[in-house]
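Enquirer: Residue numbers (the working numbering), protein chains in the order written: chain A, 1 to 305; chain B, 1001 to 1305.
No residue lacks a Cβ here, since even glycine has one placed at the ideal position from N, Cα and C.
Since the model is a prediction, treat every value here as computed from it, not as a measurement.
Attaching a single structure in structure tokens format; questions to follow.
There are 2 protein chains.
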Amino acid sequence: MVDLHTFKHPSVAVINGDHWFSEMNADSFPGQAFSLKIKRILHHAQSEFQDILIFESETFGNVLVLNGIVQCTEKDEFVYQELISHVPLMSHPAPKNVLVIGGGDCGVVREVAKHIKLGFVDNVTMVEIDDMVINLSRKYLPNMALPELFENEKVNFVIDDGFKFLKENTNKYDVIITDSSDPEGPAEEFFQTNYFRLLQSSLTPGGIVIMQSSENIWLNLDYLKQLKNKAETVFKNVKYTQCYMPSYTSGQLGLLVATDDEEKDLTRPLRTADNERELFRYYGAKIHESSFVLPTWVASELSQK
Amino acid sequence: MVDLHTFKHPSVAVINGDHWFSEMNADSFPGQAFSLKIKRILHHAQSEFQDILIFESETFGNVLVLNGIVQCTEKDEFVYQELISHVPLMSHPAPKNVLVIGGGDCGVVREVAKHIKLGFVDNVTMVEIDDMVINLSRKYLPNMALPELFENEKVNFVIDDGFKFLKENTNKYDVIITDSSDPEGPAEEFFQTNYFRLLQSSLTPGGIVIMQSSENIWLNLDYLKQLKNKAETVFKNVKYTQCYMPSYTSGQLGLLVATDDEEKDLTRPLRTADNERELFRYYGAKIHESSFVLPTWVASELSQK
């Protein structure tokens, strides 16, 4: 156990005697901040790849923070994990082989495993570069990194670089879910288009990929527009889907979903689950469709080239 | 001009040399906080009714704060103002007489005035108890409290208590928009049902009322359920509609919309504007419909009695 009173971290401040985690210093969100009150620090470590902080919050359950940015909280993680998983899986006629890139908290794999039980998915492979995130999630986020996932022979965990893995596995996956942040820096543009091409080459014909867009409609709509336009230079059919959750800055999270099947209507699920309310907390057939309905100004901006 | 460096307010703190407004101490949002970086304080006053703070933020434009809670920011106010106005107005076949209760920033009246121009609304009356909010909004939020609204003879401003005004004006309004917070305290339950009855008696037959629900799905779903059930003891047809905006805590804001017309489908607009993209930034026919699509767990909870 880490002693909260002697704990030092650039994202943790003492305010009126209480300890708060805050994204106040994040360059990505200038002028605004979301903060969570800390009950206790569960773990803090520097892995080979990043700063990992896990704390128990006052009102959002356990929280995973990577490099000072909230990745998930137990209170609202299901919103994002369900949307990113079920939108592509429910849009594909036969998603037998599924790949997840990133997503070390294992919440996405938890959702994909529901489709194994339903008989639609044969196997899922998760490629995560940082095994420390997986191990800490097993310990502190057991409702995401469910123990049963690690005993399921249809669920494969690979500790590797996602780019390298994609290069080595072409024409293989019906659905790819990329739950990792975008590369940043000078090679960004080159990198992105290359990444889209790599994803494309790993998909089977008619395959569907979904990617965290990393920027939301409130922070940088121009960037999002450019990203979508770039994806459209690679894929024939690209759509933007979104969900809302309190623990992400600006409360909105967007995803690009893409396929080379021009006829495919990604906005409508091919299947519905009879027991929607048992299987899902957030997702449902109507949520699938409405997640593609964008505010008028956003729809207008994103439809421009 | 208020000197930021000597300015004292319970919601303003200096962090790493910068001044931040924060809802960190708000009892309504335990354990979480949304903060905005302050560029300069525009006005601070104690009116007869409340603490009024207006500041220019770093990235959200000018911000109106009442009793420590953000009421609107120039960046995202249109989301809420458009949804609360256009959902009832577009659902009513002939909304000739419109009443707005509260909404001192005048953003709702600005939206209703669009329907005067379109020829659907004959007149709108805004009843606000605190004229200081209106006067300060005219000065510091001129894109909400548009100068032209105060020269429009079809727009009436009344400085009065909303409850008193409703009692004095029965069977008069086709649409009522209540943009004020709920009363809190021991008389809450009695008050709410009474308030619903007052609203009902001021509506014309087939009239529609929309009310800020004051609680959102993430903070207190049980309370919201009780509130909806209470509204259903008064009105024959009650629905919950929602929007998402970064400056409201948990990023989500819900509204109850109600009518005594059992046959009315409140979730579908009766009219669409040909020039949707010129008239609205957020609202549109598809947004109207999808604003009623709730996450599976919320839909399930709210459908229970």
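Applying a beta-carbon distance threshold of less than 9 angstroms, which residues of chain A neighbour R1277(B)?
Expert: As a position in the second sequence, residue 1277(B) is number 277, starting the count at 1. Per Cβ cutoff of 9 angstroms: T296, W297, A299, S300.
Enquirer: Cβ closer than 7 angstroms: which chain B residues qualify as neighbours of L36(A)?
Expert: Working through the first sequence from its first residue, we reach residue 36(A) at position 36. Per Cβ cutoff of 7 angstroms: G1031, Q1032.
Enquirer: Taking 8 angstroms as the cut-off, decide whether the C-beta atoms of G1254(B) and Y1240(B) are in contact.
Expert: By one-based count along the second sequence, residue 1254(B) stands at place 254. By one-based count along the second sequence, residue 1240(B) stands at place 240. In contact: G1254(B) and Y1240(B) (Cβ atoms closer than 8 angstroms).
Enquirer: If I'm right that V112(A) touches V98(A) with Cβ under 8 angstroms, what's the distance once you round it to whole angstroms?
Expert: On the first sequence, residue 112(A) is found 112 positions in, with the first residue counted as 1. On the first sequence, residue 98(A) is found 98 positions in, with the first residue counted as 1. Their Cβ separation, rounded to whole angstroms, is 5 angstroms, which keeps V112(A) and V98(A) in contact under 8 angstroms.
Enquirer: Can you tell me where the beta strand (DSSP E) holding G1102(B) begins and where it ends?
Expert: In the second sequence, the residue the question calls residue 1102(B) occupies position 102. Run containing G1102(B): 1097 to 1102, per the beta strand (DSSP E) assignment.
Enquirer: What is the rounded straight-line gap between the Cα of V1012(B) and the Cα of L118(A)?
Expert: Taking the second sequence and counting its residues from 1, the one referred to as residue 1012(B) is at position 12. Taking the first sequence and counting its residues from 1, the one referred to as residue 118(A) is at position 118. One C-alpha to the other measures close to 52 angstroms.
Enquirer: Can you name the residues that DSSP bridges to L1219(B)?
Expert: Stepping through the second sequence from its first residue, residue 1219(B) is reached at position 219. None; L1219(B) has no bridge partner.
Enquirer: Any C-beta of chain A within less than 7 angstroms: which residues of the region 1241 to 1275 of chain B qualify?
Expert: Correct list: Y1244, P1246, S1250, G1251, Q1252.
Enquirer: Verify the CB distance criterion: does I287(A) have a CB-CB separation below 8 angstroms to chain B?
Expert: Counting from 1 along the first sequence, the entry for residue 287(A) is found at position 287. Interface residue, yes.
Enquirer: Cutting at 7 angstroms between CB atoms, please list the residues of its own chain near G1102(B), excluding the five before and the five after it.
Expert: For the purposes of this step, residue 1102(B) is taken as the residue at position 102 of the second sequence. Correct list, in chain order: E1128, G1162, T1178, D1179, S1180.
Enquirer: For N1062(B), count neighbouring Cβ atoms within 10 angstroms of its own Cβ and tell me buried if that reaches 16, exposed if not.
Expert: Within the second sequence, numbered from 1, the residue matching residue 1062(B) stands at position 62. It is buried - the Cβ of N1062(B) has at least 16 other Cβ atoms within 10 Å.
Enquirer: How is N1194(B) classed by DSSP in three states: helix, strand or coil?
Expert: For the purposes of this step, residue 1194(B) is taken as the residue at position 194 of the second sequence. Helix, per DSSP.
Enquirer: How many Å lie between T1249(B) and A33(A) at the Cα?
Expert: Here residue 1249(B) refers to the residue found at position 249 when the second sequence is read from its first residue. Here residue 33(A) refers to the residue found at position 33 when the first sequence is read from its first residue. Roughly 11 angstroms between the two C-alpha positions.
Enquirer: On the three-state DSSP scale, how would you describe S134(A)?
Expert: Here residue 134(A) refers to the residue found at position 134 when the first sequence is read from its first residue. According to the sequence as given, residue 134(A) is Ile; it is not Ser. Residue state, collapsed to three classes: helix.
Enquirer: Quick one: which residues of the region 1043 to 1059 of chain B get their C-beta closer than 7 angstroms to a C-beta of chain A? List them in chain order.
Expert: Correct list: S1057, E1058, T1059.
Enquirer: For P1010(B) and Y1173(B), what's the separation of their Cα atoms in angstroms?
Expert: Mapped onto the second sequence, residue 1010(B) falls at position 10. Mapped onto the second sequence, residue 1173(B) falls at position 173. If I take the Cα positions, the gap works out to 40 angstroms.
Enquirer: Assuming the contact rule is C-beta atoms closer than 8 angstroms, Q1071(B) and R1110(B) should be a hit. Round their C-beta distance to whole Å, please.
Expert: Translated into positions along the second sequence, residue 1071(B) becomes position 71. Translated into positions along the second sequence, residue 1110(B) becomes position 110. 15 angstroms between Cβ atoms; not a contact.
Enquirer: My parser needs the beta strand (DSSP E) runs of 3 or more residues fully inside the region 1001 to 1083 of chain B; what are they?
Expert: Entirely contained in the region 1001 to 1083 of chain B, the beta strand (DSSP E) runs reaching 3 residues are, in chain order, 1012 to 1015, 1018 to 1022, 1032 to 1046, 1051 to 1057, 1062 to 1066, 1069 to 1073.
Enquirer: Is it right to say N16(A) is buried, meaning 16 or more other beta carbons lie within 10 angstroms of its own, or is it exposed?
Expert: On the first sequence, residue 16(A) is found 16 positions in, with the first residue counted as 1. N16(A) is exposed by the Cβ-count criterion.
Enquirer: Does the beta-carbon of E1278(B) have 16 or more other beta-carbons within 10 angstroms, so that it is buried, or is it exposed?
Expert: Numbered from its first residue, the second sequence carries residue 1278(B) at position 278. Flag for E1278(B) reads exposed.
Enquirer: Since I believe F21(A) is in contact with F55(A) (beta carbons under 8 angstroms), could you give me their beta-carbon distance rounded to a whole number of angstroms?
Expert: Indexing the first sequence from 1 puts residue 55(A) at position 55. Indexing the first sequence from 1 puts residue 21(A) at position 21. About 6 angstroms separates the two Cβ atoms, so the contact holds.
Enquirer: Could you give the residue range of the beta strand (DSSP E) that holds T1241(B)?
Expert: Numbered from its first residue, the second sequence carries residue 1241(B) at position 241. Where T1241(B) is concerned, the enclosing beta strand (DSSP E) stretches over 1237 to 1244.
Enquirer: Counting only the same chain and skipping the five closest in sequence on each side, list residues whose C-beta sits under 7 angstroms from that of D1265(B).
Expert: Position 265 of the second sequence, counted from the first residue, corresponds to residue 1265(B). Cβ neighbours of D1265(B) beyond the five flanking positions: none.
Enquirer: Using C-beta distances below 7 angstroms, list every residue in its chain close to V1175(B), excluding the 5 sequence neighbours before and after it, in chain order.
Expert: Here residue 1175(B) refers to the residue found at position 175 of the second sequence. For V1175(B), where only same-chain residues beyond five positions count, the Cβ hits under 7 angstroms are P1088, L1089, H1092, P1095, V1098, G1207, I1208.
Enquirer: Can you tell which of V1293(B), L1198(B), V1133(B) has the C-alpha that lies nearest to the C-alpha of R1268(B)?
Expert: Working through the second sequence from its first residue, we reach residue 1268(B) at position 268. The shortest C-alpha separation from R1268(B) is found at V1293(B).
Enquirer: From what residue to what residue does the beta strand (DSSP E) around T259(A) run?
Expert: Your numbering for residue 259(A) matches position 259 in the first sequence. Note, T259(A): beta strand (DSSP E), 252 to 259.
Enquirer: Can the beta-carbon of T193(A) be found less than 8 angstroms from the beta-carbon of K230(A)?
Expert: Counted from its first residue, the first sequence places residue 193(A) at position 193. Counted from its first residue, the first sequence places residue 230(A) at position 230. Going by C-beta atoms, T193(A) is nearer than 8 angstroms to K230(A).
Enquirer: Only counting the same chain, and skipping five residues up and downstream in sequence, which positions put a Cβ closer than 7 angstroms to that of S85(A)?
Expert: Taking the first residue of the first sequence as position 1, residue 85(A) is located at position 85. Answer for S85(A): V108, E111, V112, I177, listed in chain order.
Enquirer: Determine the chain A residues that contact G1284(B) at a beta-carbon separation under 7 angstroms, and present them in chain order.
Expert: For the purposes of this step, residue 1284(B) is taken as the residue at position 284 of the second sequence. The contacting residues are T296.
Enquirer: Could you list which residues in chain B have their beta carbon closer than 8 angstroms to that of D76(A), in chain order?
Expert: Reading the first sequence from its first residue, position 76 is the one you call residue 76(A). Correct list: W1218.
Enquirer: CA-CA distance, D260(A) and S202(A)?
Expert: Residue 260(A) sits at position 260 when you count from the first residue of the first sequence. Residue 202(A) sits at position 202 when you count from the first residue of the first sequence. Whole-angstrom Cα-Cα distance: 12 angstroms.
Enquirer: Going by the beta-carbon positions, is the gap between I52(A) and M132(A) smaller than 8 angstroms?
Expert: Position 52 of the first sequence holds residue 52(A). Position 132 of the first sequence holds residue 132(A). A contact, by the Cβ cut-off of 8 angstroms.
Enquirer: Out of I1038(B), Q1304(B), E1151(B), H1019(B), state which residue places its alpha-carbon closest to the alpha-carbon of K1228(B).
Expert: The residue you call residue 1228(B) lines up with position 228 of the second sequence. Of the candidates I1038(B), Q1304(B), E1151(B), H1019(B), the one whose C-alpha sits nearest the C-alpha of K1228(B) is Q1304(B).
Enquirer: With DSSP collapsed to three states, give me the class of E276(A).
Expert: What you label residue 276(A) is simply residue 276 of the first sequence in a count that begins at 1. Looking at E276(A) - three-state DSSP - the assignment turns out to be helix.
Enquirer: Where does G185(A) land, buried or exposed, given buried means 16+ other C-beta within 10 angstroms?
Expert: Taking the first sequence and counting its residues from 1, one reaches residue 185(A) at position 185. Residue confidence for G185(A) is low, a pLDDT of 49 falling below 50, so the modelled location carries little weight and cannot support an answer.
Enquirer: Does DSSP put M211(A) in a helix, in a strand, or in coil?
Expert: The residue labelled residue 211(A) in the question sits at position 211 within the first sequence. It is a strand residue.
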